[in-house]
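Input: a single structure, listed below in C-alpha cells.
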C-alpha cells in the first residue's frame, strides 16, 4: 500500500482527485495541499511514496516542488497534472523524473495508468535499495542466521508461543531515516528467517501485518498453524527484535555458554593488534553495534575501546620486559602504526615512556 499526496491550488480538484485515487487499489491518500510550500512543510513530519501535483501554484509551483522532493526525498515518485498542454512543462517534468504528465480535465483511465507507473517505480526502487542495504548493513551471513536459529530452537516448546515485543528503535539509524525502504527490507529479512524456520518444522505467523506493510505475502504466513509469534510492532524495530530474541533465548534456556561480553573480550585478546572496528565485534556476537556497546559497558564497567587499550598496554609491557624489541617495533606489535602516539598512551597508563619503563623494570 503506497501513500499518496495530492497538491493542487484548486480545492474542488483536490477533492475530486482524492475521491478517484482513494478508490484505486494499492494506494492510500495521506494528504492534500494547496501549494508546494505546504506540501514540503507537511513532508518534514510525515511520509508519502507518490506525489500528484499541479504545475502552476502560488509560493512553490509543481516543478519547484518536484525539484525539492528529488533533493530531500529521492525515494518519492511524482505525477504531474496540468491544464496546460505545454511541451516545455511536460519536458521539464519528465527531465525531473516525473513518471507521467496528465492533462486536465483528467481522464480516469489515464490517471490510473499514471498511478500504476508510479507504484511500479516505487516498488522497483524499494527492492533495489533494500537489496543494497541487505548486502551492506544487515548481518545476513550464514553463520549469523545459524546462530539465531540455534537460539530459537534451544527454547522451542511445542504449543508455547515466544512473543517478541518492541523496546528500543535502533534500526532506523542504519537506514539514515529512509523509512520508505523498511517494508521491503523487513520482508526480505523476515522471509529468509521464516524459510529457515520452516525447514525445522516450525510455522511462523507475523502479527500486525498491516502495520508492517507486508501485504499479501504475510497473509500466507498467517494461515499457518501458529506455534511461534514474531510480534514486530514497527518495522524499524526489526533489528532490536532480533536482539531481544537472542537475549530471551539465552535467559530462558539459562545457557552455561560464554557470554557475548566474554566473547568480545576473548576476540580482543586474540586480535588486539589488528585493524578491526565495532561492527566486526557486533557481527562476531550477532548483535547491533549500539546494543553491544551498551551491554559491554554495563557488564565490563568500561567501553570496548578502553578495554582494548588496556589489553594493548598490558601486551606492550610484557614485550618491553621480555624482548629486545625497540619502542616502534613494540608499537606495531600491539596495533599502533604511530610510535609517538603509542608512547603517549603508554605514558598515560604507566607514568613513564616505554624505554624508561624498560630501563627501570627490565632487569628485575
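Residue numbers (full-length UniProt numbering): 1 to 364. The beta-carbon is built from N, C-alpha and C at its ideal position, and this holds for glycine as well.
Note on the segment 68 to 121: whole beta strand (DSSP E) runs with a minimum of 3 residues are 77 to 82 and 100 to 103, in chain order.
Excluding its 5 nearest sequence neighbours in each direction, residue 282 has C-beta neighbours in its own chain below 7 Å: 288, 289 and 292, listed in chain order. Within 10 angstroms of the beta-carbon of residue 259 lie fewer than 16 other beta-carbons, which makes it exposed. Annotation for residue 30: no alpha helix (DSSP H) segment contains it, though the beta strand (DSSP E) segment containing it runs 27 to 33. Only exposed fits residue 275, as fewer than 16 other CB atoms lie within 10 angstroms of its CB. With fewer than three CB-CB distances shorter than 8 Å, the segment 82 to 102 does not count as touching the segment 25 to 41. Relative to the Cα of residue 262, the nearest Cα in the group 306, 300, 278 and 271 belongs to 300.
By DSSP's assignment, residue 51 forms a beta bridge with 5 and 78. The beta carbon of residue 117 sits closer than 7 Å to those of 99 and 100, all from its chain and outside the five residues before and after it, given in chain order. With 16 or more neighbouring CB atoms inside 10 Å of its own CB, residue 62 falls in the buried class. A straight line joining the alpha-carbon of residue 25 with that of residue 71 spans about 28 Å. Residue 307: member of the alpha helix (DSSP H) spanning 304 to 322, first to last residue. Looking at 69, 55, 41 and 60, the one whose alpha-carbon comes closest to that of residue 49 is 69. As the crow flies, the alpha-carbon of residue 78 is around 6 Å from that of residue 52.
Closest option to residue 28, judged by alpha-carbon separation, among 119, 352 and 279: 119. Scanning its chain for C-beta atoms nearer than 7 Å, with the 5 sequence neighbours on each side dropped, one finds around residue 125 the residues 75, in chain order. In this structure, the CA atom of residue 267 is about 28 Å from the CA atom of residue 358. C-alpha of residue 304 to C-alpha of residue 312: approximately 12 Å in a straight line. Annotated three-state conformation of residue 277 is coil, per DSSP. For residue 22, the uninterrupted alpha helix (DSSP H) segment begins and ends at 11 to 22. Within 10 angstroms of the beta-carbon of residue 338 lie fewer than 16 other beta-carbons, which makes it exposed. Here residue 20 has 108 and 111 as same chain residues with Cβ atoms under 7 Å from its own Cβ, once five neighbours each way along the sequence are excluded. Distances from the CA of residue 9 to each of 55, 40, 42 and 22 were compared; the closest alpha carbon is that of 55.
Short of 6 Å from the beta carbon of residue 12, and not among the five residues preceding or following it, lies no beta carbon of its own chain.
The Cβ atoms of residue 65 and residue 39 lie closer than 7 Å to each other. Sequence-distant partners of residue 3 (beyond 5 residues in either direction) whose C-beta falls short of 7 Å from its own C-beta, in its chain, are 28, 30, 47, 48 and 49.
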